[in-house]
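Asks: In our numbering, the protein residues as written are 20 to 299. Don't be surprised by glycine CBs; every beta carbon is placed ideally from N, CA and C. In this text the structure is predicted, and so the values were computed from the model without any measurement. What follows is a single structure, and I will ask about it in a moment.
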C-alpha cells in the first residue's frame, strides 16, 4: 500500500505516463528511516525538502507542514503494518500537470512508499567493502547537484559500472576532478584525528546523515573536522574512509585499489550516533 496525495491505495499503476517526475525527472524525494514509528532526523529531512522545493520553484501547499507529512508517513506505515518495526520510507514530491520542459503549473502531488528493514539500530558492517573511482561522467558542482531529484542517471550508470567490476561502491568526481561523494552517500576521510569531507560547494549531496556526523565530530574532543575539497591522491593516504547515509548510517570502506583501511573511527562514530538517537 502507498500513500498518494493522502489516499492509501494499492501500489499498482496510479501515476500517468505524463507524470512529470517520470517524463522529465521533475521530482524530489526524501529517504527516511523509521524505527517503531519514530522518524529519525525527520526535521532535517522536512526542512531539506522544503528548501529543495523552493530551489525547484515548486509551489509548496499550505498543508505541507512538518506535522501533516509526518502524519501521512505514519498512516502509510500503519497501513503496511510497519509501525512496530523498522522501515525505509520514500517520500516523493512531483510537479503536476501538462507542459513540456515548461510546466503549466507549479502545483505538486506526493507519494509515500515504505519497505521493511531488518535492524532497529545502526550496526557496523565489517564485511569487505571495496570502492574505486567512477570516471566516465562527472558531477557538475552547483546548487542543483546538492538536491535529491529523480535525475540520477550518473548514479545508475555508476552502480552498473561498480557491479560489472565487482565493486561495492564507487566514488564520484566533480568537473574539477575532486572527490565529492559515493554513489549512495557522502564520503569522509580520516587522517589521525582529522576527519575530512567535501563541502557542499563541490557538488556533494546535502546529506541528512552527513549533517548528523558533522555535528558528532564537532562535539567530540577526539576529532577535528576539515570541510574541504578532496583530491583523488588523498584516498590512498587516508587511515580510514567511510560512507554515510540514513539507511546504513556509516559504511566503512575496507579497500581502495591496493590500500586497505582500518575501521576504528567508523566504529566509534557509529556508537556515538546510536547513543545520540537513543537520547534524542
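Closer than 6 Å by C-beta to residue 255: which residues in its own chain qualify, once you throw out the five before and the five after it? Chain order, please.
Replies: Here residue 255 refers to the residue found at position 236 when the chain shown is read from its first residue. 278.
Asks: On the DSSP letters alone, give me the boundaries of the beta strand (DSSP E) that residue 83 sits inside.
Replies: Here the question's residue 83 lines up with position 64 in the chain shown. Counting along the chain, residue 83 falls outside any beta strand (DSSP E), and DSSP gives it neither H nor E.
Asks: Taking the Cβ atom as the reference point for each residue, do residue 289 and residue 58 lie within a distance shorter than 9 Å?
Replies: One-based indexing of the chain shown puts residue 289 at position 270. One-based indexing of the chain shown puts residue 58 at position 39. No, the pair does not count as a contact, with Cβ atoms beyond the cut-off.
Asks: Between which two residues does the beta strand (DSSP E) carrying residue 63 extend?
Replies: Along the chain shown, one-based indexing puts residue 63 at 44. Taken as a continuous stretch (DSSP letters only), residue 63 belongs to no beta strand (DSSP E), being part of the alpha helix (DSSP H) at 61-74.
Asks: Closest to residue 177 by CA distance: which of 164, 163, 201 and 61 is it?
Replies: Reading the chain shown from its first residue, position 158 is the one you call residue 177. Of 164, 163, 201 and 61, the residue nearest in Cα terms is 201.
Asks: Checking 9 Å against the spacing of the C-beta atoms, do residue 199 and residue 236 come in under that value?
Replies: If you number the chain shown from 1, residue 199 lands on position 180. If you number the chain shown from 1, residue 236 lands on position 217. The answer is no: Cβ separation not under 9 Å.
Asks: DSSP three-state label for residue 287, please.
Replies: On the chain shown, residue 287 is found 268 positions in, with the first residue counted as 1. In the structure shown, residue 287 adopts helical secondary structure according to DSSP, grouped into three states.
Asks: Along the chain, where does the beta strand (DSSP E) that runs through residue 26 open and close?
Replies: Locating residue 26 in the chain shown gives position 7, where the first residue counts as 1. Looking at the DSSP string, the run of the beta strand (DSSP E) that includes residue 26 is 26-28.
Asks: Specify, as a first and last residue, the run of the alpha helix (DSSP H) that residue 102 falls within.
Replies: For the purposes of this step, residue 102 is taken as the residue at position 83 of the chain shown. No alpha helix (DSSP H) contains residue 102, which DSSP labels as neither H nor E.
Asks: My guess is that residue 153 and residue 180 are in contact by the Cβ rule of under 8 Å, so how many angstroms apart are they, rounded?
Replies: Residue 153 sits at position 134 when you count from the first residue of the chain shown. Residue 180 sits at position 161 when you count from the first residue of the chain shown. Confirmed, about 6 Å.
Asks: Below 8 Å, how does it come out for the region 94-104 and the region 124-141: are there three or more Cβ pairs, yes or no?
Replies: For the pair of segments examined, the region 94-104 was found to touch the region 124-141: the number of CB pairs separated by less than 8 Å reaches three.
Asks: Using the DSSP secondary-structure output, state which residues sit across from residue 189 in a beta bridge.
Replies: The residue given as residue 189 occupies position 170 in the chain shown. Partner(s): 151.
Asks: Going by beta carbon distance, what residues of the same chain come within less than 8 Å of residue 128, once the five residues before and after it are set aside?
Replies: Translated into the one-based positions of the chain shown, residue 128 becomes position 109. If you ignore the 5 residues before and after residue 128, its C-beta comes within less than 8 Å of the C-beta of 23, 24, 112, 113 and 115, all in its own chain and listed in chain order.
Asks: Is DSSP giving residue 249 helix, strand or coil here?
Replies: Within the chain shown, the letter at position 230 stands for residue 249. Here residue 249 sits in strand by DSSP.
Asks: Would a C-beta distance cut-off of 9 Å place residue 158 and residue 186 closer than the cut-off?
Replies: Within the chain shown, the letter at position 139 stands for residue 158. Within the chain shown, the letter at position 167 stands for residue 186. The answer is no: Cβ separation not under 9 Å.
Asks: Compare the beta carbon distance of residue 75 and residue 168 with 9 Å and say whether it is the shorter of the two.
Replies: Within the chain shown, numbered from 1, the residue matching residue 75 stands at position 56. Within the chain shown, numbered from 1, the residue matching residue 168 stands at position 149. Closer than 9 Å, so yes.
Asks: Please report how far the alpha carbon of residue 229 lies from the alpha carbon of residue 218, in whole angstroms.
Replies: Against the chain shown, residue 229 aligns to sequence position 210. Against the chain shown, residue 218 aligns to sequence position 199. Residue 229 and residue 218: Cα-Cα distance of roughly 11 Å.
Asks: Write down the C-beta distance between residue 67 and residue 49 rounded to the nearest angstrom, noting that I regard them as a contact closer than 8 Å.
Replies: Numbered from its first residue, the chain shown carries residue 67 at position 48. Numbered from its first residue, the chain shown carries residue 49 at position 30. Going by Cβ atoms, the distance from residue 67 to residue 49 rounds to 7 Å, so yes, they are a contact pair.
Asks: Quick one: is residue 33 buried, meaning 16 or more other Cβ sit within 10 Å of its Cβ, or exposed?
Replies: Here residue 33 is taken as the residue at index 14 of the chain shown, counted from 1. Exposed, since its Cβ has fewer than 16 Cβ neighbours within 10 Å.
Asks: Quick one: is residue 95 buried, meaning 16 or more other Cβ sit within 10 Å of its Cβ, or exposed?
Replies: Here residue 95 is taken as the residue at index 76 of the chain shown, counted from 1. Burial call: buried.
Asks: Enumerate in chain order the residues of its own chain whose CB-to-CB distance from residue 204 is below 6 Å, with the five nearest sequence positions on each side excluded.
Replies: Position 185 of the chain shown, counted from the start, is the residue given in the question as residue 204. Taken in chain order, the residues that qualify are 262, 263 and 264.
Asks: Please report the residue range of the beta strand (DSSP E) in which residue 220 lies.
Replies: Counted from its first residue, the chain shown places residue 220 at position 201. No beta strand (DSSP E) holds residue 220; DSSP gives it neither H nor E.
Asks: Who are the Cβ neighbours of residue 247 in its own chain at under 8 Å, not counting the five residues just before and after it?
Replies: Translated into positions along the chain shown, residue 247 becomes position 228. Within its own chain, the residues whose Cβ lies closer than 8 Å to the Cβ of residue 247, once the five positions on either side in sequence are excluded, are 215, 217 and 218, listed in chain order.
Asks: Cβ atoms of residue 51 and residue 92: under 9 Å apart, would you say?
Replies: For this step, residue 92 is matched to residue 73 along the chain shown. For this step, residue 51 is matched to residue 32 along the chain shown. Yes. Within cutoff.
Asks: Along the chain, where does the beta strand (DSSP E) that runs through residue 131 open and close?
Replies: Your numbering for residue 131 matches position 112 in the chain shown. Element bounds for residue 131: 127-135.
Asks: Thinking C-beta only, is residue 292 closer than 9 Å to residue 231?
Replies: Counted from its first residue, the chain shown places residue 231 at position 212. Counted from its first residue, the chain shown places residue 292 at position 273. It is a contact, given that the beta carbons lie within the stated cut-off.
Asks: Going by Cα to Cα distance, which pick from 38, 182 and 221 is closest to residue 193?
Replies: Mapped onto the chain shown, residue 193 falls at position 174. Ranking the options by Cα distance to residue 193, first place goes to 221.
Asks: Look at the alpha carbon of residue 287 and the alpha carbon of residue 44, and state the distance between them as a whole number of angstroms.
Replies: On the chain shown, position 268 is the one that residue 287 refers to. On the chain shown, position 25 is the one that residue 44 refers to. The straight-line gap from Cα to Cα measures roughly 38 Å.
Asks: Check for me: the alpha helix (DSSP H) holding residue 183 runs from which residue to which?
Replies: Walking along the chain shown from the start, residue 183 turns up at place 164. Per DSSP, the continuous alpha helix (DSSP H) segment holding residue 183 begins and ends at 172-183.
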